[in-house]
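Chains as they are written, first to last, in the numbering used here: chain A, 183 to 532; chain B, 401 to 724. The C-beta atom is built at its ideal place from N, Cα and C for all residues, glycine as well. Since this is a predicted model, take the numbers as computed values, not measurements. Encoded as structure tokens, the structure appears first; notes follow it.
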Amino acid sequence: MALLEVRDLVQHFPIAGTKKLVQAVNGVSFDVEAGETVALVGESGSGKTTIGRCVLGLIRQTAGTILFKGEPMGGRRTVRSAALRGRMQLVFQEPAESLDPRFVVGQTIGEPLVALGASRADREKAVRLAARRVGLAERFLASYPAELSMGLQQRVGIARAIVSTPELIVLDEPTSALDPTARAEIIDLLIRLQKELGTAYLFISHDLSTVRYVSRRVAVLYLGSLVEEGPATELFARPRHPYSVGLLSAVLLPNPHLRRETTIRLEGEIPSPIDLPPGCPLAGRCPLVDARSRENMPPVEEVAPGHRVRCFRHAEIAAMEPATDYFEAFQRETERILAPPEAERAGVGA
Amino acid sequence: MTTPAIEIEGLEVEFPRYGTAPVKALRGIDLAIAEQEILGLVGESGAGKTTLARAIMQLVPPPGRIARGRVRFRGEDLAGLDPERLRRLRGQVMAMVIANPKSELNPLLTVGQQIGNVLRYHTGLTGKPLRDRVMEMLKEVRIPDPERRYDAWPHELSGGMAQRVVMSIALICDPRFVISDDATSGLDVTVQAQVLELLQRLVARHRTAMLFITRDIGITAHFCDRVAVIYGGEIVELAPREPFFANPHHPYTVLLLAAFSHNPRLRGYWHRQGTSAGETGPAETGCPFAPRCVRARDRCRAEAPRLRELEPGHFVRCHFPVER
């Protein structure tokens, strides 16, 4: 049994005063195993954050099931069984906005434990341990969030998430507000914490470069549907859905020679998810659209072990697209270009 | 190089502070952009990117001021111009595409009115010819369904469409020089790719020079002819795109690029612990980057380095540049 099982999740929001529906999530299924990282990628409006909220039980899903350790989730009950409380946590995108400006850092980190009924002494011990784990110096526990840099603020957000030693953390764009060096530090921290604590991550992001680095499996969302899912190494090298191809080729890595070349060009923008027409969600933007995909939702097909795609023409894409992981190539090139000069390396003495 | 479209020489901008020395936002910028060239300018928040954009347009918000240096537009010194002439230049021959298009558009005017106003001010065009030209522009920036968008209000536009409207406003008078200030930062990647492609085509077609300001060094690798890095109000490295990415010399450039590495050891080598952006600011004396630099020595803290040409066209401001 997977740690988290999401089956046929549907989340529709009615629009007040009309009969219209915002169809944010339309039948999404995926699993997260204990201790692994699964990334949900997609553009704004694809439903990533809504899925994260359903998983955490913050909103009640319209249909479908979410099982966490076999127990149904999704806002069915406001109070979950005691054994599950604090087993799941969330890290937000904007660290500054997710911290109470009137709480000192130590209070913020300890807050989940207040809800769990821990004693003051236990709380203080746990807060200090969590702060140490995220590399936050003890003197910062008495600081207010406004006194910290964004990178440190996000460390506070992560400390608050791990203080109850959860088994699953939903990371909702945890690094998108940070500059590149702070982003890299936070990612290293998350990877290290996962090794130490065995926490599973549901990593919600539109930053494919980071996703490639941290996740074992990747699920690509478009307009509330999972269009492709697979092991990160497989999906980045052999994307089979036109949207994944478009997404991967749009990423501009800082190397002028490395960009996925493709004939698949996505036009326009993600449409509004209100009252969706039938057919493939990408139909309006897809260069490979035909009568079949305009009318019918393509079935999910497994094209390689664990690699599933929802497109009628995936075989053509496989034949057309280079089977190259440009992100991997970029990593190799970057290591070569930025390798410390010989003389210095000797001087540093590793 | 023939006469550059824009020439910046020793440009310094200061913001006064109460009771102490002014903040030097720009500390002597030298830069020239050729006709039809796209120059990328990369830097973190607070490095001076937007201040430079404003200083070029002679729009430094008071009490900030240009303390020294000059900006020449096709040989003409902008500082000496009377406000009326300057206003004519802005929008007509030099224009700006800004970030957050949705907050920059006037919510009380339709798309057509906002683009039309600029054109009318600068050309005196009215009536049907005005409308026709605006419509042509909307088609050129590939707004879907331009007839309908002409009468749309800003709140009815998606982010990508709003960005296209802002581009139309900047480009409607066919300017010779365009500054794009973080114009693609809020867009999703597939939309960003379309907007960049469009900009590239428009710039080539109208032979415009462009200063492309961004926080994303990745964009500059695929979109710009030359790349400049700004840190603490100084250009620290400047080179044509190929040598810039194949052989970066300044430790700050290397740090920026290393941030994309998945190898913590490589990243750790170039990054001094606890000195991320926002934690350690630029030094006031000596090299501004010295406090964050893994190669800094006494000389770096005492003496500000000059911009040197290490290879033809490849400029670096560092006493101890990274060489391979």
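Looking from the CA of A:P459, the closest CA among A:E477, A:T244, A:E443, A:P469 belongs to A:E477.
By the neighbour-count criterion, in which 16 or more other beta carbons inside 10 Å mark a residue as buried, B:H555 falls on the exposed side.
Of all residues in the segment 661-680 of chain B, the ones placed with a Cβ closer than 8 Å to any Cβ belonging to chain A are S661, H662, N663, P664, L666, R667, Y669, W670, H671, S676, A677, G678, E679, in chain order. Against chain B, the beta carbon of A:D370 has neighbours under 7 Å at P664, listed in chain order.
Taking C-beta atoms under 8 Å as the contact rule, B:E444 and B:A677 qualify, at a distance of about 5 Å. Only exposed fits A:M183, as fewer than 16 other CB atoms lie within 10 angstroms of its CB. Proximity of A:Q513 to chain B, defined by a Cβ-Cβ separation below 9 Å, is satisfied. Residues of the segment 597-622 of chain B whose Cβ lies closer than 8 Å to any Cβ of chain A, in chain order: R615, D616, I617, G618, I619, T620, A621, H622. Of the candidates B:R601, B:A421, B:Q592, B:R601 places its Cα closest to the Cα of B:L571. Secondary structure of A:M183 (DSSP, three-state): coil.
Annotation for B:L656: V442, I617, V629 place their beta carbon closer than 8 Å to its own, counting only its chain and skipping 5 residues before and after. A:G406 and A:L448 have their C-alpha atoms some 18 Å from each other. For A:T200, no CB of chain B lies under 9 Å from its own CB, so it is not counted at the interface with that chain. For B:L710, the enclosing beta strand (DSSP E) stretches over residues 707-711. Think of a sphere of 8 Å around the beta carbon of B:S558: the chain A residues whose beta carbon falls inside it are E451, in chain order.
A direct Cα-Cα distance of roughly 7 Å separates B:V603 from B:A609. When C-beta distances to chain B are compared with 8 Å, the residues of the segment 491-521 of chain A below that value are F512, Q513, T516, E517, I519, L520, A521, in chain order. Under DSSP, A:V204 takes part in a beta bridge, and its partners are A:F195, A:I456. When only Cα atoms are considered, A:R310 and A:F195 end up about 41 Å apart.
Nearest CB-CB separation between A:V433 and chain B: below the 9 Å threshold. A:S358: not part of any beta strand (DSSP E); DSSP gives it neither H nor E.
Classified as buried, A:P455 has 16 or more neighbouring CB atoms from the shown chains inside 10 Å of its CB.
Listed in chain order, the alpha helix (DSSP H) runs fully inside the segment 244-323 of chain A are 277-280, 287-297, 302-315, counting runs of at least 4 residues.
Where A:A497 is concerned, the enclosing alpha helix (DSSP H) starts and stops at 496-502.
Checking the DSSP bridge columns, you'll see A:L384 partnered with A:V220, A:V352.
Taking 9 Å as the CB threshold, A:G333 lines the interface with chain B.
The segment 346-361 of chain A makes contact with the segment 375-391 of chain A: 3 or more CB pairs, one atom from each, lie closer than 8 Å. Contact annotation for B:L657 against chain A: P436, T516, I519, L520 [CB-CB distance below 8 Å, chain order]. The DSSP-derived three-state label of A:E484 is strand. At a beta-carbon threshold of 8 Å, the residues of chain A lying near B:A646 are I519, ordered along the chain. DSSP places B:H714 in the uninterrupted beta strand (DSSP E) bounded by 714-717. Taking a Cβ-Cβ cut-off of 7 Å, the neighbours of A:S226 in chain B comprise D588, given in sequence order. Contact annotation: the segment 517-524 of chain A touches the segment 647-661 of chain B, with at least three C-beta pairs closer than 8 Å. Judged by pairs of C-beta atoms under 8 Å, the segment 673-692 of chain B touches the segment 359-376 of chain A, as three or more such pairs exist. By the 16-neighbour rule on beta-carbons within 10 angstroms, A:N208 is buried. For B:P544, the chain A residues whose C-beta falls within less than 8 Å of its own C-beta are G450, listed in chain order.
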